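Numbering (our numbering), first residue to last: 1 to 95.
Beta carbons: idealized from backbone N, C-alpha and C, even for Gly.
None of the values given here were measured: they were computed from a predicted structure.
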Amino acid sequence: MRRRLLRVLIFYMVIMLVLIAAALADDQPADRAIQEEVWAIPLTMPTIAYVVRPIGNCPFRLEVMNHGVLLNQPERSFFPIVEFRDAAMWFARTD
């Protein structure tokens, strides 16, 4: 019984250490400069693209996040507004 309790305690301590390390890693300031742009794309449906990219001449990864918006107002009220700006900035700053 004591060994099992000790194993469970060690397991939870390891989980907590991993979570603390991950939280501290996210708090590091990003030193890469980024540029934000809004593009109007001429398609049959009005389309707006929000572009966030690192500043520099190096080749960078491409990350595409796509989401749609319902045009029907009553149906749109069932879904929360999601902010993609923070996620886009995070992807642009990471290697």
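- Arg53: not part of any alpha helix (DSSP H); member of the beta strand (DSSP E) spanning Thr47 to Pro54, first to last residue.
- For Ile34, same chain residues with a beta-carbon under 8 Å away, outside a window of 5 residues either side, are Val52, Arg53, Pro54, Ile55, Met89, Ala92 and Arg93 in chain order.
- Pairing Ile48 with Val38 gives a Cβ-Cβ distance under 8 Å.
- Between the C-alpha atoms of Val8 and Pro46 there is a straight-line separation of about 55 Å.
- When secondary structure is reduced to three states using DSSP, Val64 falls in the coil class, being assigned neither helix nor strand.
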